[in-house]
Amino acid sequence: MRHTARMLKKRADAASGRSKPKAGRGRPPVHQETWSKVSVVLFDRQIVHLDRLATDIRGKNGKVFNRAEIIRALIDGLIDSGLDITATDSEADLRARVARRLGSVYR
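Residue numbers for the sequence shown follow the numbering used here, beginning at 31 and rising by one.
Below you can see the structure in the form of structure tokens.
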């Protein structure tokens with residue numbers, strides 16, 4: 031009898047569109063604002079550096095950062111800096127401007 035009641039409830043939930051969402055793999059992302067998932071092409075050397083940076087951060091203070099968190103923080107840091115990049119004419123030029131702003135000697 032209990033089995034039949036569960037089946038009826040399951041059918042009613044499915045018919046009303048109130049079925050529970052299927053749990054995804056891993057930890058659920060926690061974001062405080064709306065977001066979109068995007069794909070970008072990064073160079074292998076950039077991925078290696080991001081992974082090393084995440085490992086170094088974890089080793090130094092125990093905090094776990096993933097690639098996306100590091101990339102978002104870098105983008106927000108650029109936005110918050112107020113650096114005017116509207117006159118930038120190439121990726122290399124943008125890289126040089128950002129590096130100069132951060133105090134690097136990249137040319």
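Every residue gets a Cβ at the ideal spot worked out from N, C-alpha and C, and that includes glycine.
For this session: Would you kindly check if the distance between the Cβ of I100 and the Cβ of L80 is under 8 Å?
Result: By 1-based counting over the sequence shown, the position of residue 80 is 50. By 1-based counting over the sequence shown, the position of residue 100 is 70. Between L80 and I100, the CB-CB gap stays under 8 Å.
Indicate the three-state DSSP secondary structure (helix, strand or coil) for G133 in the structure shown. Position 103 of the sequence shown, counted from the first residue, corresponds to residue 133. G133 falls in the coil class under three-state DSSP.
**Residue from L113, E63, A129, A98 whose Cα sits closest to the Cα of S69** = Here residue 69 is taken as the residue at index 39 of the sequence shown, counted from 1. Nearest option by C-alpha distance: A98.
* Asked: Would you call the CB atoms of S111 and R130 closer than 8 Å?
  -> Working through the sequence shown from its first residue, we reach residue 111 at position 81. Working through the sequence shown from its first residue, we reach residue 130 at position 100. Contact flag unset, no.
| request: Find out if the Cβ-Cβ distance for the pair F95, A84 is shorter than 8 Å. | output: On the sequence shown, position 65 is the one that residue 95 refers to. On the sequence shown, position 54 is the one that residue 84 refers to. With contacts defined as CB atoms closer than 8 Å, F95 and A84 qualify as a contacting pair.
Check your understanding: In the structure shown, what three-state DSSP assignment does I101 receive?
Key -> If you number the sequence shown from 1, residue 101 lands on position 71. Three-state result, I101: helix.
Among N91, G92, R102, whose alpha-carbon lies nearest the alpha-carbon of H61?
Taking the sequence shown and counting its residues from 1, one reaches residue 61 at position 31. Measuring from the Cα of H61, the nearest candidate turns out to be R102.
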